[in-house]
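Notes to accompany the following structure.
Number of protein chains: 2
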Amino acid sequence: MTKDATDQWYNPRDVSTTLVKGFAVLSAFDDARLRLSLPEIGQKTGYDRATVRRLVITLVDLGLLAKTDKTFSLTPEILGLAGNYLRGHGIGTTLQPILNSYSERIGVEISLATMSEGSALYIARSHMSGSAVSFGFTVGSRLPLLHTALGRMLLGTLDPETAAEHIRTDKLIQYTPRTLLAPQAIKGEIQKARAQGYSVVVAEFEPGVAGLAVPVGRLGTAKAVIGVSGPVAKIQEAETQDLYLSTLHICAGEIDRVWVEGV
Amino acid sequence: MTKDATDQWYNPRDVSTTLVKGFAVLSAFDDARLRLSLPEIGQKTGYDRATVRRLVITLVDLGLLAKTDKTFSLTPEILGLAGNYLRGHGIGTTLQPILNSYSERIGVEISLATMSEGSALYIARSHMSGSAVSFGFTVGSRLPLLHTALGRMLLGTLDPETAAEHIRTDKLIQYTPRTLLAPQAIKGEIQKARAQGYSVVVAEFEPGVAGLAVPVGRLGTAKAVIGVSGPVAKIQEAETQDLYLSTLHICAGEIDRVWVEGV
DNA sequence: AACAAATGTGCGATATTTGAACAATGCCCA
DNA sequence: TGGGCATTGTTCAAATATCGCACATTTGTT
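Those protein sequence lines, which keep their order, are chains A and B.
Each residue of the first sequence is one higher than the last, beginning at 264 in the working numbering.
Each residue of the second sequence is one higher than the last, beginning at 264 in the working numbering.
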């Protein structure tokens, strides 16, 4: 029962072009570009200046963009929509306390991610006393699938066909000197993760940082993964790794049991 | 330099109707409605079934909605957009550590909110060890302006005209037996908050819960407020209230200094 | 199993979007 | 400081996507 591209239940011509363009404009405001002018948005999206103007005006009218001077930027309004998701799926009330409690136990932040549009997307992250937000990675951040523990575990829980597809088509970027680039090697790592029920990735995405991840739910049906990351030396230490992994497994089990609503 | 409705720099006919409808469909998925069928969305938005179908198809195509069986629900994809805002404005890296540290000091969670579309919108919330997420209120949640400490402080920092406007037009809901309903009384409370530089609201929104709030930045220019909430008895205790308020003021000052990028 | 009700889809009329042409603004240099 | 040039903003008729009716299909009920 593999999910082909053929379970397209709708006709592509029913996709509203204007709506797609509107979101393209919103997405133009990524990390790097905090404020954009109309021409800049036009360049980034490839739409005509007049089109961009119309779309931006609409987004301002909706309260999603704010105009200051001649540039535009995102407003917190978008958080309202995200909040609808978080509350609706009980992330804050159900998931967060579980992550927090296990996180406290091992003294490391635990993150939950799912697959979204070709990357691993952080959905929730445990809170820990004292620790500043380690890196810029927070809820809503994306990680590559091929070179992170979370990503490889996600690929490992899907049917092999999808994983192979990603290995074949995703662009391979050498993030660090240790980044695996050989497709066969990556495939092997994903199979290993699948077989042993967890994944370990050492310094392939960020130098000096290693990650561990385990699936939430059974292989194949798992729709999310949880994981931790830390200094290479610490993660590679056998005792520490065992502690982390067993904690993650127990945590994953608990999440699986209470988290009925899926992602 | 009050902001009238007349600084409409664009012609309303330049607002793209399709894009507006698309967001209306997305917004139909609020707390109460986790899964919606096409007819339900149609009813909630008031659009024709065929229209809703095309819009929903588009949103599925964009990865923002997922179809299961005959109903649709939000996907975590929306968190990606929210993440763009959070990262772009340095919420996670700049704001969060400050909130966490002061929060730790007084043992109570501190929240930051701004005004958005007629309500107070949570933008960030401190993390605290041990404490479960108190209520369902998390980032992206909305609070009424008139009957919460955060809301009244927000109104107090704006020009009096806008505040008056809200008192006049917003629907007055009796959330609790203690909810103020007389417009004059509410107006007085807001003026008081403005005059003294902080607001105190006792059990007007949730029974047994009181809140404190102070502005971030100078009055009039403040674009955000921070606050705490807790059991009525605790907040009303003079010593505790003093401690909370002075901490909030210092915290607000620090945020104002480092948080250059505005909301 | 047959009926009824509710939901999904093709198609022409209509309103919206498009982009090239025009206007306005800001910028650079003499 | 003023004039010319480049960049950005706006208008409007042509082109296109959208709307909602009417028909097809599915689902639930007696």
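Just so it is clear, CB atoms sit at the ideal spot from N, CA and C, and this is done for glycine as well.
Three-state class that DSSP yields for residue i in the structure shown
i	result
residue 329 of chain A	strand
residue 385 of chain A	strand
residue 364 of chain A	helix
residue 396 of chain B	For residue 396 of chain B, the pLDDT reaches just 49, beneath the cut-off of 50, and the residue's location in the model is therefore unreliable, although a value from the coordinates is still provided. Note: residue 396 of chain B maps to coil in three-state DSSP.
residue 404 of chain A	coil
residue 371 of chain B	coil
residue 436 of chain A	coil
residue 487 of chain A	strand
residue 442 of chain B	coil
residue 474 of chain B	strand
residue 297 of chain B	coil
residue 517 of chain A	helix
residue 276 of chain B	helix
residue 265 of chain B	Only weak support exists for where residue 265 of chain B lies, its pLDDT of 38 falling under 50; the coordinates are left without a value.
Anticipated Cβ contact below 8 Å, residue i with residue j, distance rounded
i	j	result
residue 490 of chain B	residue 475 of chain B	6 Å
residue 455 of chain B	residue 430 of chain B	Contact flag wrong, Cβ pair sits at about 14 Å.
residue 504 of chain A	residue 513 of chain A	Actually they do not touch by this definition, with Cβ atoms about 15 Å apart.
residue 228 of chain B	residue 337 of chain B	In the structure as shown, chain B starts at 264 and stops at 526, and residue 228 of chain B therefore has no counterpart that could be examined.
residue 531 of chain B	residue 347 of chain A	Outside the shown range of chain B, which is 264 to 526, sits residue 531 of chain B, and nothing can be said about it.
Start and end residues, alpha helix (DSSP H) containing residue i
i	result
residue 495 of chain B	495-499
residue 290 of chain B	280-290
residue 357 of chain A	From DSSP, residue 357 of chain A is part of no alpha helix (DSSP H); its letter is neither H nor E.
residue 412 of chain B	412-420
C-beta contact flag for residue i and residue j at 8 Å
i	j	result
residue 473 of chain A	residue 488 of chain A	no
residue 493 of chain B	residue 462 of chain B	no
residue 318 of chain B	residue 279 of chain A	yes
residue 366 of chain B	residue 326 of chain A	no
residue 408 of chain B	residue 414 of chain B	yes
residue 477 of chain A	residue 444 of chain A	no
residue 465 of chain B	residue 441 of chain B	yes
residue 376 of chain B	residue 358 of chain B	no
residue 321 of chain B	residue 288 of chain A	no
residue 297 of chain B	residue 335 of chain B	no
residue 468 of chain B	residue 351 of chain A	no
residue 383 of chain B	residue 425 of chain B	no
residue 312 of chain A	residue 302 of chain A	yes
residue 381 of chain A	residue 285 of chain B	no
residue 281 of chain B	residue 281 of chain A	yes
Limits of the unbroken beta strand (DSSP E) element including residue i
i	result
residue 321 of chain B	Segment 312-324 is the alpha helix (DSSP H) holding residue 321 of chain B; no beta strand (DSSP E) there.
residue 375 of chain B	374-379
residue 337 of chain B	334-337
If contact is defined by three or more beta carbon pairs under 8 Å, each pair taking one atom from either stretch, is the segment 341-352 of chain A in contact with the segment 400-413 of chain B? Three or more Cβ pairs closer than 8 Å define a contact, and the segment 400-413 of chain B meets that threshold against the segment 341-352 of chain A.
Between the segment 428-441 of chain A and the segment 359-377 of chain B, do three or more beta carbon pairs fall short of 8 Å? With a cut-off of 8 Å on Cβ pairs, the segment 428-441 of chain A is not in contact with the segment 359-377 of chain B, counting fewer than three such pairs.
Within 8 Å, do at least three Cβ pairs link the segment 516-523 of chain B to the segment 348-362 of chain B? yes
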